Each structure stands twice: as C-alpha cells, then as structure tokens.
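Using my numbering, read the sequence shown as starting at 1 and increasing by one per residue. The C-beta atom is built at its ideal place from N, Cα and C for all residues, glycine as well. Just so you know, these numbers come straight off a predicted model, no measurement behind them. This report concerns only the one structure given below.
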Amino acid sequence: MSASTIPVQRSRPIYALATALVIGTGLLWRSGLLPLPSFLAKYGGDSLWALVVFLCFGFAFRRSSTLRIVLGAVFCTWSVEFLQLYHAHWIDVIRSTRLGRLGLGTSFNSPDLIAYVVGIMLGALAEHLYLNEKQRADQKV
Numbered sequence: 001m002s003a004s005t006i007p008v009q010r011s012r013p014i015y016a017l018a019t020a021l022v023i024g025t026g027l028l029w030r031s032g033l034l035p036l037p038s039f040l041a042k043y044g045g046d047s048l049w050a051l052v053v054f055l056c057f058g059f060a061f062r063r064s065s066t067l068r069i070v071l072g073a074v075f076c077t078w079s080v081e082f083l084q085l086y087h088a089h090w091i092d093v094i095r096s097t098r099l100g101r102l103g104l105g106t107s108f109n110s111p112d113l114i115a116y117v118v119g120i121m122l123g124a125l126a127e128h129l130y131l132n133e134k135q136r137a138d139q140k141v
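Below, the structure is given as structure tokens:
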C-alpha cells in the first residue's frame, strides 16, 4: 500500500476544533477587517472554504485514507462550484441568504476550482505532517 492509500485514525475532537478555527478564520478573512489584497481576500477565502470541506470529510470518515478524503473534498467543492451554473428560483432564494451565499456561492468562476484544490492540499499536507509527528511521538513511548 502506498502512503496515500493507507487508512488513518483521525481524532474527531481535533478535526472539530480545526474546523471551527478555520471557519472563524474564513469569516474574519472575508469580513473586510483584514487589509488583504482583493486577489488574496477572494481566493484565500475560497481555499479556506475548501479546507473546511476537507476537515468535515476527515471528521466524518475518520478511518479513510487521506487520498480518499482529498478526492471526496475535491468532488464536493467542484460540484458546488458547477452547481452555480444552475439558476432556478428556489436555489437563488437560498443563495440570497448569507449562509446560502457562504455555502453555495452565487456564480461560477473557474479559478475557484484551483483555489479549492490549494485549500484541500494544504489540509492534506497538514494532516500528513501531523500524523507523521504523532507516529514518531508514539514510537518514542
């Protein structure tokens, strides 16, 4: 088995805490309170949203390989982005709310797809580093 397909054991409390921290960071990021360049404000926020999706998949599927979590998160985020091409009245009403806009977005933007992959890959890298450090610590005991 390659390292990316080996099932892992994730801690749900850690993933829940990480998710809450990233959501808080994302809300602050998009609030306008931080003096960020518009490019970084836009695509950094998209990357943080995708990171939350990655963390939620890790929380829900705590024994799945990182590769499966990455693929699930990419599929989910890209599906939401492509869903923005669909504009029926009922979904546009949902999108007109703050929560709907944050979760579903409003209009398709292909560069967002890259931002999502960046956020998900940052999550995968952080998970890899954390799990490797945890494994080294467990071996010392």
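Among the options, nearest to residue i - alpha-carbon criterion
i   : options                  : result
D46 : R63, N109 and K140       : N109
P13 : R30, P7 and C56          : C56
L28 : A60, A41, A126 and A16   : A41
I23 : G103, E133, N132 and W78 : G103
Anticipated Cβ contact below 8 Å, residue i with residue j, distance rounded
i    : j    : result
L51  : I120 : 7 Å
I8   : T97  : The residue asked about is misnamed: residue 8 is Val in this sequence, not Ile. In fact, because the Cβ distance is near 36 Å, the residues do not count as touching under 8 Å.
A150 : V70  : With the chain covering only 1 through 141, there is no way to say anything about residue 150.
Inter-residue Cα distance where the pair is residue i and residue j
i    : j    : result
R39  : T25  : Reading off the sequence, residue 39 comes out as Phe, not Arg. For F39 and T25, the distance between alpha carbons rounds to 17 Å.
Y15  : D138 : 19 Å
R101 : D92  : 9 Å
Run of the alpha helix (DSSP H) containing residue i, from where it starts to where it stops
i    : result
I69  : T66 to L83
T106 : From DSSP, T106 is part of no alpha helix (DSSP H); its letter is neither H nor E.
Is it true that the stretch 82-100 meets the stretch 53-72, where meeting means three or more beta-carbon pairs spaced less than 8 Å apart? no
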